[in-house]
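Working notes, beginning with the structure itself.
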DNA sequence: ATTGTGGCCTGCCCGC
DNA sequence: TGCGGGCAGGCCACAA
């Protein structure tokens with residue numbers, strides 16, 4: 008989500024431009040029943056009006072359809088040969104033409120393209136946004152409490168559920184819960200008022216500071232988030248588990 | 001409805 | 001030096 012917000016700001020450069028040509032060489036990357044020809048027809052000649060972001064979904068509004076871009080973990084956005092992020096943790100720093108999954112060329116020059124080695128992202132027209140929860144960057148304490156309330160699922164699984172809170176990924180959730188000192192395996196609905204409030208405070212602060220720093224891979228836990236890693240706060244051996252289907256690192260000493 | 005599981009994409013890195 | 005296998009995260013289909 009942090010990365011996607013940086014991409015959104017980069018994509019803002021395209022506002023006011025007109026689409027001249029669309030290249031979509033990878034049919035697998037096109038979602039929602041569109042193909043290279045139909046997406047080109049739908050977008051060519053259109054003017055980019057605005058950009059938005061909901062969770063990990065980047066929306067590019069035009070005077071025609073809205074273009075929806077998803078990046079998975081390995082996708083990068085490049086606009087006019089400028090990348091918002093130089094290196095992604097799980098992607099190589101390389102930018103090979105064969106990994107260009109989707110390119111929009113603008114009238115008068117310039118382009119917007121998605122480069123994704125592992126094809127984890129995707130492109131969609133007028134994506135359905137009704138199933139996304141409150142965005143993590145703006146969620147209120149009451150909104151977070153409502154998202155967690157009366158759920159027996161592990162707290163981490165609930166936070167990763169995009170229909171409850173939109174925008175949190177695996178690394179970010181580990182970082183937030185580590186800072187908040189809460190065990191990711193706790194039932195989401197079992198938090199006290201004080202814990203839920205503490206979680207909300209750390210959630211907002213973590214997202215904001217990592218956004219300012221430039222990536223979710225820059226968290227204080229990240230360097231230790233590997234087998235045999237020690238807690239940067241108190242030196243305890245970190246616990247490595249699978250929670251919510253995701254590899255999870257947490258400190259058994261201060262996350263309770 | 002809620003919760004959990006497994007598969008998919010492909011590059012990279014480890015051990016042999 | 002090459003190769004096989006495991007791993008990475010987001011999302012989706014599917015099961016109970």
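In this note's numbering, the protein residues as written are 8 to 263. Ideal placement from N, C-alpha and C gives every residue a C-beta, glycine not left out.
Which same chain residues end up closer than 8 Å to residue 176 when comparing Cβ atoms and leaving out the 5 residues on each side of it in sequence?
Short of 8 Å from the beta carbon of residue 176, and not among the five residues preceding or following it, lie these beta carbons of its own chain, in chain order: 8, 63, 80, 167 and 223.
Whole-angstrom C-beta distance between residue 174 and residue 203, which should lie under 8 Å
Approximately 18 Å separates the beta-carbon atoms of residue 203 and residue 174; this is outside 8 Å, ruling out the contact.
Note down the Cα distance separating residue 24 from residue 54, rounded to an integer number of angstroms.
Those two C-alpha atoms are separated by around 6 Å.
Identify whether residue 111 lies in helix, strand or coil by the three-state DSSP scheme.
Strand.
Taking just the CA atoms, how far does residue 213 sit from residue 240?
Here the alpha carbon of residue 240 sits roughly 16 Å from the alpha carbon of residue 213.
On the DSSP bridge list, what partners appear for residue 84?
According to DSSP, residue pairing for residue 84 in a beta bridge involves 121.
Apart from the five residues on each side of it in sequence, which residues of its chain come closer than 8 Å, Cβ to Cβ, to residue 249?
Close CB contacts of residue 249 within its chain, under the 8 Å cut and outside five residues either way in sequence, are with 255 (chain order).
What residues are listed by DSSP as bridge partners for residue 262?
Bridge partners of residue 262: none, in fact.
Could you check what DSSP says for residue 229 in three-state terms: helix, strand or coil?
If DSSP states are grouped into helix, strand and coil, residue 229 belongs with the helices.
Note down the Cα distance separating residue 97 from residue 128, rounded to an integer number of angstroms.
Residue placement at residue 97 is poorly supported in this model, since its pLDDT is 49, which falls under 50; the coordinates still yield a value, given next. Taking the straight line from one Cα to the other gives about 13 Å.
Rounded to a whole number of angstroms, what is the C-alpha to C-alpha distance between residue 180 and residue 165?
Their Cα atoms are separated by approximately 10 Å.
Close beta carbons around residue 231, own chain, < 8 Å, minus the five adjacent residues each side
Cβ within range, chain order: 237, 238, 239, 245 and 256.
Which residues does DSSP pair with residue 1 in a beta bridge?
Past the boundaries of the shown model lies residue 1; the chain is included only from 8 to 263, so the question cannot be answered.
Select from 66, 72 and 56 the residue whose C-alpha is nearest the C-alpha of residue 45.
Nearest of 66, 72 and 56 to residue 45, Cα basis: 72.
Comparing C-alpha positions only, which one of 172, 152 and 162 sits nearest to residue 139?
The residue with the shortest Cα to Cα distance from residue 139 is 172.
Starting from residue 235, trace the alpha helix (DSSP H) both ways and give me its first and last residue.
Unbroken run through residue 235: none, as it is neither H nor E.
Could you give the distance in angstroms between the alpha-carbon of residue 20 and the alpha-carbon of residue 39?
Those two C-alpha atoms are separated by around 26 Å.
Buried or exposed by the 16-neighbour rule on C-beta atoms within 10 Å, applied to residue 199
Counting of Cβ neighbours within 10 angstroms places residue 199 among the exposed residues, the total staying below 16.
Supposed contact pair residue 66 and residue 52 - C-beta distance, whole angstroms, cut 8 Å
Your pair residue 52 and residue 66 does not check out as a contact, with CB atoms roughly 19 Å apart and the cut at 8 Å.
Can residue 86 and residue 17 be called in contact, C-beta distance under 8 Å?
Cβ atoms of residue 86 and residue 17: closer than 8 Å.
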